[in-house]
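Participant: Sharing a structure here in structure tokens format.
In this note's numbering, the protein residues as written are 12 to 193.
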């Protein structure tokens, strides 16, 4: 009788331990998060442009290719920055090598800008002339709205407090040889 009680107690303890380990995992298991909804501005622009399915497919392919290029650029820049960071931490580092890395980052950025400029014509071939005009007008309107918001933010209540706080925060920094910000 006693052996049966010990076995039952052990079984209950093992089941309780398994429940303590498994149930939290099951409780935390969730469905994948929903796909990020499309940005409202992009959706409005697409609706205003009235793109055909072929144009949408070409635009998606264009974006995917540019995304791959951006990823490769970021990886290359991260590699160069890491190498430069390591060299700059060493006081005995070779100056010519650091300058070479600086030139390399500048060259990578310039190549990226040139490629972006060249891709603009490729992107414009996807749209009709009317769609390009609508897109230009949409971008100008969006930029005007941004400028309006920036202007309002500068006149917002409490701006003087923010400026005073910034000035207090920067008071310890020299503003020039022998001068201090007040």
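Even for Gly, the Cβ is constructed at its ideal location relative to N, Cα and C.
When we look at the beta-carbon of residue 60 and count the other beta-carbons within 10 Å, is it buried (16 or more) or exposed?
Facilitator: The count along the chain shown starts at 1 and reaches residue 60 at position 49. Buried, by the Cβ-count rule.
Participant: May I ask which residues mark the beginning and end of the alpha helix (DSSP H) holding residue 114?
Facilitator: The count along the chain shown starts at 1 and reaches residue 114 at position 103. Start and end: 106-135.
Participant: Is it true that the CB of residue 95 sits closer than 8 Å to the CB of residue 112?
Facilitator: In the chain shown, counting from the first residue as 1, residue 112 sits at position 101. In the chain shown, counting from the first residue as 1, residue 95 sits at position 84. Closer than 8 Å, so yes.
Participant: Residue range of the alpha helix (DSSP H) that residue 261 falls in?
Facilitator: There is simply no residue 261 to check, as the chain begins at 12 and stops at 193 in what is shown.
Participant: When you compare only the Cα positions, how much space is there between residue 19 and residue 39?
Facilitator: The residue given as residue 19 occupies position 8 in the chain shown. The residue given as residue 39 occupies position 28 in the chain shown. When rounded, the distance between both Cα atoms is 30 Å.
Participant: So, residue 137 versus residue 76, is the Cβ gap smaller than 8 Å?
Facilitator: By one-based count along the chain shown, residue 137 stands at place 126. By one-based count along the chain shown, residue 76 stands at place 65. No, the Cβ-Cβ distance between residue 137 and residue 76 is not below 8 Å.
Participant: Return helix, strand or coil for residue 144, following the three-state DSSP convention.
Facilitator: Counted from its first residue, the chain shown places residue 144 at position 133. If DSSP states are grouped into helix, strand and coil, residue 144 belongs with the helices.
Participant: Starting from residue 35, follow the alpha helix (DSSP H) in both directions and report where the run begins and ends.
Facilitator: Position 24 of the chain shown holds residue 35. Run containing residue 35: 13-39, per the alpha helix (DSSP H) assignment.
Participant: If the criterion is Cβ atoms closer than 8 Å, does the pair residue 73 and residue 134 meet it?
Facilitator: Within the chain shown, residue 73 is the residue found at index 62, counting from 1. Within the chain shown, residue 134 is the residue found at index 123, counting from 1. Yes.
Participant: When you compare only the Cα positions, how much space is there between residue 98 and residue 157?
Facilitator: Start at 1 with the first residue of the chain shown, and residue 98 comes out as number 87. Start at 1 with the first residue of the chain shown, and residue 157 comes out as number 146. When the Cα atoms are used, residue 98 and residue 157 turn out to be separated by approximately 41 Å.
Participant: Using the Cα positions of residue 42 and residue 36, report the straight-line distance between them to the nearest angstrom.
Facilitator: On the chain shown, position 31 is the one that residue 42 refers to. On the chain shown, position 25 is the one that residue 36 refers to. If I take the Cα positions, the gap works out to 13 Å.
Participant: Mapping DSSP to helix, strand and coil, what is residue 138?
Facilitator: Counted from its first residue, the chain shown places residue 138 at position 127. Judged by DSSP in its simplified three-state form, residue 138 adopts coil rather than helix or strand.
Participant: Under the three-state reduction of DSSP, which class applies to residue 94: helix, strand or coil?
Facilitator: As a position in the chain shown, residue 94 is number 83, starting the count at 1. Three-state DSSP puts residue 94 in a helix.
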